[in-house]
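Student:
2 protein chains.
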Amino acid sequence: MSLPRIAVDAMGGDHGVRVMVSGAALARRQHDKFKFLLVGDEERIKKALEDHPGMREASEILHCDDVVSGDEKPSRALRRAKTTSMGLAIQAVKDGSCGAAVSAGNTGALMAMSKLALRTMPGIDRPALAALLPTLEEHDVIMLDLGANTDCDARNLVQFAIMGAAYSRIVNKGRTPRVRLLNIGTESIKGTDDLQRAAQLLRDAESLDMQFDGYVEADKINRGEVDVVVTDGFSGNIALKAIEGSARFVTDLLKAAFTSSLRSKVGFLVSRPATELLKHHLDPNNHNGGVFLGLNGVIVKSHGSANAQGVANAVAVTARLLEDDLTDRISADLIKMGEEALAANGSGMDETVLGK
Amino acid sequence: MSLPRIAVDAMGGDHGVRVMVSGAALARRQHDKFKFLLVGDEERIKKALEDHPGMREASEILHCDDVVSGDEKPSRALRRAKTTSMGLAIQAVKDGSCGAAVSAGNTGALMAMSKLALRTMPGIDRPALAALLPTLEEHDVIMLDLGANTDCDARNLVQFAIMGAAYSRIVNKGRTPRVRLLNIGTESIKGTDDLQRAAQLLRDAESLDMQFDGYVEADKINRGEVDVVVTDGFSGNIALKAIEGSARFVTDLLKAAFTSSLRSKVGFLVSRPATELLKHHLDPNNHNGGVFLGLNGVIVKSHGSANAQGVANAVAVTARLLEDDLTDRISADLIKMGEEALAANGSGMDETVLGK
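Line by line, the protein sequences are chains A and B. Mapping the first sequence onto the numbering used here, position 343 (from 1) lands on 675, and the numbers just tick up by one. Mapping the second sequence onto the numbering used here, position 311 (from 1) lands on 643, and the numbers just tick up by one.
1. If you count every other CB in all the chains shown that lies within 10 Å of the CB of A/R487, and 16 or more means buried, which is it?
2. When you compare each of B/V558, B/L534 and B/S429 to B/K367 by their alpha carbons, which one comes out closest?
3. Suppose you measure from the CA of A/D656 to the CA of A/L540; what does that come to, to the nearest Å?
4. Straight-line CA distance for A/D346 to A/C396?
5. Taking 8 Å as the cut-off, decide whether the C-beta atoms of A/D559 and A/N504 are in contact.
6. DSSP three-state call for A/M475: helix, strand or coil?
7. Run down chain B in chain order and give the residues with a C-beta less than 8 Å from the C-beta of A/S520.
8. Listed in chain order, which residues of the stretch 444 to 475 of chain A have Cβ atoms closer than 9 Å to some Cβ of chain B?
9. Can you pull the chain E residues whose beta carbon is under 7 Å from the beta carbon of A/S401, in chain order?
10. If the cut is a Cβ gap below 7 Å, which residues of chain A does B/K573 touch?
11. Got a sec? Which residues, its chain only, sit under 6 Å from A/A571 by beta carbon, not counting five neighbours each side?
12. Pairs of beta-carbons, one from the stretch 361 to 376 of chain B and one from the stretch 644 to 654 of chain B, closer than 8 Å: are there three or more?
13. Relative to the alpha-carbon of B/A421, which residue among B/G599, B/L442 and B/R411 has its alpha-carbon at the smallest distance?
14. Does the CB of B/N569 have a neighbour CB from chain A at under 8 Å?
15. Cutting at 8 Å between CB atoms, please list the residues of its own chain near B/M453, excluding the five before and the five after it.
16. Report yes if the C-beta distance between A/A460 and A/L476 is below 8 Å; otherwise report no.
17. Mind the definition here: the stretch 341 to 357 of chain B touches the stretch 635 to 642 of chain B only if three or more C-beta pairs lie below 8 Å; say whether that holds.
18. Report, in whole angstroms, the separation of the C-beta atoms of B/A579 and A/V582, which I expect to be a contact under 8 Å.
19. Alpha carbon to alpha carbon, how far is B/L586 from B/R408? Give it in angstroms, no decimals.
20. With 8 Å set as the bound, which would you pick, yes or no: does the beta-carbon of B/F581 sit closer than that to a beta-carbon of chain A?
21. In terms of alpha-carbon separation, which member of B/M542, B/A357, B/V353 and B/L358 lies closest to B/E374?
22. Closer than 7 Å by beta-carbon distance: list the chain B residues that pair up with A/E389, in chain order.
23. Assign B/V511 to one of three DSSP states: helix, strand, or coil.
24. Hey, is B/S435's beta-carbon within less than 8 Å of any beta-carbon in chain A?
25. Are the CB atoms of A/L370 and A/A644 within a distance shorter than 8 Å?
26. Near A/E538, what residues of its chain come up, given a Cβ to Cβ distance below 8 Å and the 5 sequence neighbours on each side ignored?
27. Grab me the residues of A/I631's own chain with a C-beta within less than 6 Å of its C-beta, minus the 5 sequence neighbours each way, in chain order.
28. Using only the alpha-carbon positions, how far apart do B/Q543 and B/G523 sit?
29. Between the beta-carbon of B/G622 and the beta-carbon of B/L410, is there less than 8 Å?
30. Do A/T508 and A/G546 come within 8 Å of each other at the CB atom, strictly closer than that value?
31. Once you ignore the five residues that flank B/V602 on each side, which residues in its own chain have a CB closer than 8 Å to its CB?
32. Measure from the C-beta of B/G496 to each C-beta in chain A and report whether the shortest distance is under 8 Å.
33. Can the beta-carbon of B/A356 be found less than 8 Å from the beta-carbon of B/V647?
34. Going by alpha carbons, who is nearest to B/D665 out of B/D483, B/F492 and B/S401?
35. May I have a chain-ordered list of the beta strand (DSSP E) segments no shorter than 3 residues that lie completely inside the stretch 475 to 555 of chain A?
36. Measure from the alpha carbon of B/S435 to the alpha carbon of each residue in B/K597, B/I456, B/G402 and B/N569, then state which is nearest.
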């Protein structure tokens, strides 16, 4: 495939144009075939590009004055889809001039605008927000949905599993993903009816390129034993924030403990390399990039507070999803599942799982 | 009130009779007016009591051979309510010979047996499991429900708030509890219809002895800014396990970091007092004791893997709930809320919130 451009909402995020442009430039070092469309205040973008001559050559600037603010209601932002940097970046994906868009702006607005402009892909009822989380092993774990859909039925969950698995195969270089549904126990009788039905459908779907292992409990998400954790947007958001909050809680306690006496202060200095390693592992900038899966186009959400390295990771993920044709991979699995259902003749799975 | 006895299921938990008896004996040092009914294998209980003469004098033994196992289905355990140590401990609360029961056994079985034997108190539709979690401040935070009810409506959530607030006033010595509903955002439009309706009902209920502060997100549970976190059993279980798993994740990383080089090993030894402080704070044995709220009687679940100190904390919580009449406090709030609804005349709250 030809490598299309990536649209960057240069105005979103807490740290502004400079961090977005530097981040994209950093990512470009690994993905030097990519071109960019930088959307936002032309003057400030030009200034930020001064430090990155290679990036400047690979970039076109699309000027606009209007910006979606961080606390703006999605419904209000939607009305300015044609004037804001976020809206215009998405628009570039819709009209085909870019293959993907990256923004560090308002998540709700990004989701709402992307949904309206790009629509869900055939066979998917609802898009989902997926993120990479650190584990005890080398590889990250993908969790979805993280807040786009508060109520999900079995069919939504199966579609999330298919989308998450496709994403995982790309970031884990083809390895068959181990997929589980987030639940409050691992026995088959646990959880809601929708969870149990989704588990049954995934167990029956043998042709899918994933290894479905039933349920996972929230304390096992980051043990490295699972590649894709599938859940509804409400529970996913709760789990994600509980994990982030608890990690911060422990590191805050640690900080307090290390400053509680002279002896512990000395200990801290001596063990600095060890605690730096921990800090590096937990730093969200090293796992940055939420992806909206299931749309006709790739939309990546960078953390609002991400630094240039964080933005670079988000842009690098975007580039890999484009190189490896995420959307095509999801389509292929949906078709496989549909064919399997037809072969099973009247199992009703085509209606149960695939969008009508 | 007279101080009644506490029934102890001496057979539940991973560490057996000795830990349960030692734990109860430890708790008795602070609560020396309490008597105990120790239920289980008489010979082993007698042996365990040899080390605790004070405890032996305060205890009666109820012998039985049968034990509910850790992985047993609640439905199966229910049939042996009259022969198992867990069932007989609950039975002692039902017939009034004890005011409360403590068990470290199978949570599902304990919940099912307690519900069937004790029934929910007037005005409560469903009991809830509440636990104490550590925060950055001195006091713990109470979270409920943690798995007893996977589907909850607005009325259940309001009742959980009332029960959690009563529990909080007891453990926090009368301080007005700050109560919040767990949600995926703090704006009033966030979350399910039931959450929004529960928030409205709690905002309107001015006579309740709590300060209702709207929503809390899962990353703020342990910041010390809230005393009672109210949620349905599914989300509560996800949040609790995500918090536990994430804390273990960070401490595992820390352990790995501290053993990664000679320098960091030295650093670890020097900073030992600091890391011991952290360990103490995170040790679940220091926050042990899940309470089933809303039953006609107090049932406390000690962690299956708790050591003697953990069991002692669970028994101490039980003693305080009895001393301070938890059940009466919940009743009083339910009546207040009912009166307020009657005064508001036709607001429908009596039907919406109170059990019919």
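Backbone N, C-alpha and C define an ideal beta-carbon position, used for all residues, glycine too. None of the values given here were measured: they were computed from a predicted structure.
Tutor: According to the structure shown:
1. As a working note, residue 487 of chain A is residue 155 in the first sequence. With 16 or more Cβ atoms within 10 Å of its Cβ, A/R487 is classed as buried.
2. Along the second sequence, one-based indexing puts residue 367 of chain B at 35. That would be B/S429, whose Cα lies nearest to the Cα of B/K367.
3. Locating residue 656 of chain A in the first sequence gives position 324, where the first residue counts as 1. Locating residue 540 of chain A in the first sequence gives position 208, where the first residue counts as 1. Distance between the alpha carbons of A/D656 and A/L540 is about 18 Å.
4. Translated into the one-based positions of the first sequence, residue 346 of chain A becomes position 14. Translated into the one-based positions of the first sequence, residue 396 of chain A becomes position 64. Each residue's alpha carbon lies about 18 Å from the other.
5. Along the first sequence, one-based indexing puts residue 559 of chain A at 227. Along the first sequence, one-based indexing puts residue 504 of chain A at 172. Their beta carbons are under 8 Å apart, which means A/D559 touches A/N504 by this criterion.
6. The count along the first sequence starts at 1 and reaches residue 475 of chain A at position 143. Correct three-state label for A/M475: strand.
7. Against the first sequence, residue 520 of chain A aligns to sequence position 188. Result: empty, since nearest Cβ-Cβ is about 12 Å, beyond 8 Å.
8. P466, T467 and L468
9. Annotation note: the requested chain E is absent from the structure, which comprises protein chains A and B.
10. Here residue 573 of chain B refers to the residue found at position 241 when the second sequence is read from its first residue. Those are E549, A550 and D551, listed as they occur along chain A.
11. Locating residue 571 of chain A in the first sequence gives position 239, counting from the first residue. The beta carbon of A/A571 lies closer than 6 Å to those of A550 in the same chain, with the five residues before and after it left out.
12. yes
13. In the second sequence, residue 421 of chain B corresponds to position 89, counting from 1. Selected option, being the one with the closest Cα: B/L442.
14. Looking up residue 569 of chain B in the second sequence gives position 237. With 8 Å as the cut-off, B/N569 counts as an interface residue toward chain A.
15. By 1-based counting over the second sequence, the position of residue 453 of chain B is 121. If we look at B/M453 and ignore the five residues flanking it on each side, its Cβ neighbours are G626, L627, N628, T659, I662 and S663.
16. By one-based count along the first sequence, residue 460 of chain A stands at place 128. By one-based count along the first sequence, residue 476 of chain A stands at place 144. In this structure, A/L476 lies closer than 8 Å to A/A460 by Cβ.
17. yes
18. Taking the first residue of the second sequence as 1, we reach residue 579 of chain B at position 247. Taking the first residue of the first sequence as 1, we reach residue 582 of chain A at position 250. Yes, B/A579 and A/V582 are in contact; Cβ-Cβ is about 5 Å, under 8 Å.
19. By 1-based counting over the second sequence, the position of residue 408 of chain B is 76. By 1-based counting over the second sequence, the position of residue 586 of chain B is 254. Whole-angstrom Cα-Cα distance: 42 Å.
20. Within the second sequence, numbered from 1, the residue matching residue 581 of chain B stands at position 249. For B/F581, the answer is yes, since a Cβ of chain A falls inside 8 Å of its Cβ.
21. Residue numbering aside, residue 374 of chain B sits at position 42 when the second sequence is read from its first letter. Among B/M542, B/A357, B/V353 and B/L358, the Cα nearest to that of B/E374 belongs to B/V353.
22. Within the first sequence, residue 389 of chain A is the residue found at index 57, counting from 1. Simply none; closest approach about 41 Å.
23. In the second sequence, counting from the first residue as 1, residue 511 of chain B sits at position 179. Note: B/V511 maps to strand in three-state DSSP.
24. Residue mapping note: residue 435 of chain B aligns to position 103 of the second sequence, counting from 1. Not closer than 8 Å to any Cβ of chain A, the Cβ of B/S435 fails to qualify, so no.
25. In the first sequence, counting from the first residue as 1, residue 644 of chain A sits at position 312. In the first sequence, counting from the first residue as 1, residue 370 of chain A sits at position 38. Going by C-beta atoms, A/A644 is not nearer than 8 Å to A/L370.
26. Position 206 of the first sequence, counted from the start, is the residue given in the question as residue 538 of chain A. Cβ contact annotation for A/E538 (same chain, cutoff 8 Å, sequence separation greater than five): E672, in chain order.
27. Residue mapping note: residue 631 of chain A aligns to position 299 of the first sequence, counting from 1. Here the set comprises A433, S446 and F624.
28. What you label residue 543 of chain B is simply residue 211 of the second sequence in a count that begins at 1. What you label residue 523 of chain B is simply residue 191 of the second sequence in a count that begins at 1. Their Cα atoms are separated by approximately 21 Å.
29. Taking the first residue of the second sequence as position 1, residue 622 of chain B is located at position 290. Taking the first residue of the second sequence as position 1, residue 410 of chain B is located at position 78. Their beta carbons are not under 8 Å apart, which means B/G622 does not touch B/L410 by this criterion.
30. As a first step, residue 546 of chain A is located in the first sequence; it is residue number 214 there, counting from the start. As a first step, residue 508 of chain A is located in the first sequence; it is residue number 176 there, counting from the start. Going by C-beta atoms, A/G546 is not nearer than 8 Å to A/T508.
31. Working through the second sequence from its first residue, we reach residue 602 of chain B at position 270. Apart from sequence neighbours up to five positions away, no residue of its chain approaches B/V602 with a beta-carbon distance below 8 Å.
32. The sequence position of residue 496 of chain B within the second sequence is 164, counting from 1. So no, B/G496 is outside the interface.
33. Here the question's residue 356 of chain B lines up with position 24 in the second sequence. Here the question's residue 647 of chain B lines up with position 315 in the second sequence. It is a contact, given that the beta carbons lie within the stated cut-off.
34. By 1-based counting over the second sequence, the position of residue 665 of chain B is 333. Per the Cα distances, B/F492.
35. Runs found: 510 to 514 and 543 to 548.
36. Reading the second sequence from its first residue, position 103 is the one you call residue 435 of chain B. Per the Cα distances, B/G402.
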